[in-house]
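A.B. asks: Have a look at this one before I ask anything.
Number of protein chains: 2
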Amino acid sequence: MGKRIDDLMLEKSHKHVTCETCGALKDSLFCSLTGDELTSVDSNKSCSYFKKDQPLFIEGSLPRGVFCINEGKVKIYSRGEDGKEQIIHVATTGEIVGFRAMFSGEAYGVAANTLEESNICFIGKGDFLNMVDTNVNLRNGILRELSKELADRASFIKNMAQKSVRERLASSLLILDDIYAEDFINLSREDLANFVGTATETLIRLLKDFKDEGLVKTHVRKIEVLDKEGLIQLAGS
Amino acid sequence: MGKRIDDLMLEKSHKHVTCETCGALKDSLFCSLTGDELTSVDSNKSCSYFKKDQPLFIEGSLPRGVFCINEGKVKIYSRGEDGKEQIIHVATTGEIVGFRAMFSGEAYGVAANTLEESNICFIGKGDFLNMVDTNVNLRNGILRELSKELADRASFIKNMAQKSVRERLASSLLILDDIYAEDFINLSREDLANFVGTATETLIRLLKDFKDEGLVKTHVRKIEVLDKEGLIQLAGS
DNA sequence: TATTAAGTATGATCTAAGTCATTTTTTACC
DNA sequence: GGTAAAAAATGACTTAGATCATACTTAATA
Chain A
-4 MGKRIDDLML EKSHKHVTCE TCGALKDSLF CSLTGDELTS VDSNKSCSYF KKDQPLFIEG
56 SLPRGVFCIN EGKVKIYSRG EDGKEQIIHV ATTGEIVGFR AMFSGEAYGV AANTLEESNI
116 CFIGKGDFLN MVDTNVNLRN GILRELSKEL ADRASFIKNM AQKSVRERLA SSLLILDDIY
176 AEDFINLSRE DLANFVGTAT ETLIRLLKDF KDEGLVKTHV RKIEVLDKEG LIQLAGS
Chain B
-4 MGKRIDDLML EKSHKHVTCE TCGALKDSLF CSLTGDELTS VDSNKSCSYF KKDQPLFIEG
56 SLPRGVFCIN EGKVKIYSRG EDGKEQIIHV ATTGEIVGFR AMFSGEAYGV AANTLEESNI
116 CFIGKGDFLN MVDTNVNLRN GILRELSKEL ADRASFIKNM AQKSVRERLA SSLLILDDIY
176 AEDFINLSRE DLANFVGTAT ETLIRLLKDF KDEGLVKTHV RKIEVLDKEG LIQLAGS
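Heads up: the protein sequence lines correspond to chains A and B, in order.
Everything in the first sequence is counted per my numbering, starting at -4 for the first residue and increasing by one.
Everything in the second sequence is counted per my numbering, starting at -4 for the first residue and increasing by one.
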């Protein structure tokens, strides 16, 4: 008899990712933590393996801590009345997810799911808030991060209100190309549509246009950006 | 010969609004400041009278401090390629405006203009950051505020992507009705359209429908909300 | 490797909402 | 108080993009 799924997950989760050796550390908000602090985080965190499309947290639940992405991708989204998702952000290696609701004391206004297999650590609310309170660099990093995101979302709103779907697709592909770095963009057509803010059918049609125009190339579901400059032109400001 | 405009402004600006007696204090992030801290803010701030549609700061400029609204309304907006404004937020009495860019160290990604005659105090960057560093309550208040706004903007994005203009107008009117509290909503049709994210003509047409349906009543440019419940129904989630 | 399900693609149709042109009303200012 | 300018309103027209129906392809699982 084969192993149970739980066993497999446990096995993978026991990769023993320690903060000290975490490849994502230097890109993360935790980069300013002292050796002692890191050791303390290490002993208070739990690291787990997530399969594709598993929830980290759901809309309306109360935050119990933060998630630190060691490896993988996570979509942050909110669901409309009709159930349609709007993806607000795609988080990647090194990012800390879910600390916003931590400060507001409110329930999550968004949900988070893995987009692919991921290794993600969890740090409890108390430990995290304690660190923020005592570590000036971490705190300033968070203030900076929150502010930057606020600016990002302002321009997201403007794009939604003023740009055509075609323009938004171009600018979305550029954003995703950065996030997926050396990999091809790897999102379902539906997720991509939910990021751009359009119907899946419309997205597919426009993506075909982009292919015909030599802007992108598709490898089944994966999308390769061929002409970054062209997309920039198309995306406008 | 009558007084020059500068004199009049000076006169009004010399209302001597002190933080201790500021009516907006209790609603503001500064409510947690100690007596000493307030005195220090007081001696380091400048308070000025702004006419209608004057800029507090413009997109792309570097922040030199924060603005505290003693009396009045301020629109926070961003301009698209074609010059069309997208209004992100309408700030009112008690709100502190412009502290987001302060933490990110970047230039303003948005602009701010008065929507009506306003009394607004200015606190320099150094003084403000200093207070944030030393006052735990203020700091936590700011973290909470930033987080809440982030959540607001996520739902703003979702609304833009998924709701019809009619639904967005309903929800915008509800938001504005809260902001204008006991007053009627007092925005130009163009500003309202730029808040809803639609063309001015479309806004005017829909507003007329709302009038016909008994949801609102207009007093020339001002808008009175008659049927809050009806608007809530219409706005959806 | 068959079978099913999920995801991707395409076609046909409809309408919400944008654009441009013009008129009416309100506001600002000599 | 009269005139000019700005804001609001209405009409006619056009189209981007949503929706629904259906076909095709890739992935999953027995």
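Where is the CB? At the ideal position from N, CA and C, for every residue including glycine.
Spell out a yes or no on whether the segment 100 to 116 of chain B and the segment 66 to 83 of chain A are touching, meaning 3 or more CB-CB pairs, one atom from each, closer than 8 angstroms.
C.D. replies: The answer is no - the segment 66 to 83 of chain A does not touch the segment 100 to 116 of chain B, with fewer than three Cβ pairs under 8 angstroms.
A.B. asks: If residue 233 of chain A sits next to residue 168 of chain A, beta carbons under 8 angstroms apart, how far is it from one beta carbon to the other, in whole angstroms?
C.D. replies: Residue numbering for chain A in the displayed model covers -4 to 232; residue 233 of chain A lies beyond these limits and cannot be assessed.
A.B. asks: What residues are listed by DSSP as bridge partners for residue 58 of chain A?
C.D. replies: None, per the DSSP bridge assignment.
A.B. asks: Between which residues of its own chain and residue 189 of chain B is the CB-CB distance below 8 angstroms, once the five residues before and five after are set aside?
C.D. replies: The residues are 72, 79, 80, 81, 82.
A.B. asks: Tell me the rounded alpha-carbon separation between residue 143 of chain A and residue 219 of chain A.
C.D. replies: Approximately 28 angstroms, taken between the alpha carbons.
A.B. asks: Which residues, taken in chain order from the segment 61 to 85 of chain A, show a beta carbon closer than 7 angstroms to some beta carbon of chain B?
C.D. replies: Listed in sequence order: 73, 75, 76, 79, 81, 83.
A.B. asks: Between which two residues does the beta strand (DSSP E) containing residue 74 of chain B stretch?
C.D. replies: First-last of the beta strand (DSSP E) with residue 74 of chain B: 68 to 74.
A.B. asks: For residue 94 of chain B and residue 60 of chain B, what's the separation of their Cα atoms in angstroms?
C.D. replies: So the alpha carbons of these two residues sit roughly 7 angstroms apart.
A.B. asks: Which class does residue 86 of chain B belong to by DSSP, given the choice of helix, strand or coil?
C.D. replies: Three-state DSSP puts residue 86 of chain B in a strand.
A.B. asks: Would you kindly work out how many angstroms separate the C-alpha atoms of residue 62 of chain A and residue 116 of chain A, rounded to a whole number?
C.D. replies: If you take the alpha carbons of residue 62 of chain A and residue 116 of chain A, they lie about 6 angstroms apart.
A.B. asks: Give a yes or no on whether the minimum CB-CB distance between residue 142 of chain A and chain B is below 7 angstroms.
C.D. replies: Yes, residue 142 of chain A counts as interfacial toward chain B.
A.B. asks: From what residue to what residue does the beta strand (DSSP E) around residue 113 of chain B run?
C.D. replies: 113 to 119 is the extent of the beta strand (DSSP E) around residue 113 of chain B.
A.B. asks: Are the CB atoms of residue 187 of chain B and residue 201 of chain B within a distance shorter than 7 angstroms?
C.D. replies: The answer is no: Cβ separation not under 7 angstroms.
A.B. asks: For the segment 154 to 187 of chain A, which residues have a beta carbon sitting closer than 9 angstroms to at least one beta carbon of chain B?
C.D. replies: Answer set for the segment 154 to 187 of chain A: 154, 155, 156, 157, 158.
A.B. asks: Provide the residue span of the alpha helix (DSSP H) that contains residue 180 of chain B, from first to last.
C.D. replies: Unbroken run through residue 180 of chain B: none, as it is neither H nor E.
A.B. asks: Would residue 9 of chain B be called buried (16 or more neighbouring beta carbons within 10 Å of its own) or exposed?
C.D. replies: For residue 9 of chain B, the predicted structure reports a pLDDT of 44, less than 50, and the residue's modelled location is therefore unreliable. A value from the coordinates is still provided. With fewer than 16 Cβ atoms within 10 Å of its Cβ, residue 9 of chain B is classed as exposed.
A.B. asks: Which full runs of the alpha helix (DSSP H) of 4+ residues lie inside the segment 142 to 223 of chain B, going along the chain?
C.D. replies: Listed in chain order, the complete alpha helix (DSSP H) runs (minimum 4 residues) inside the segment 142 to 223 of chain B are 160 to 174, 184 to 191, 195 to 207.
A.B. asks: Is the CB-CB distance between residue 148 of chain B and residue 148 of chain A below 7 angstroms?
C.D. replies: Result yes, Cβ atoms of residue 148 of chain B and residue 148 of chain A sit closer than 7 angstroms.
A.B. asks: If you follow the alpha helix (DSSP H) that residue 39 of chain B is part of, which residue opens it and which one closes it?
C.D. replies: Its alpha helix (DSSP H) spans residues 30 to 39.
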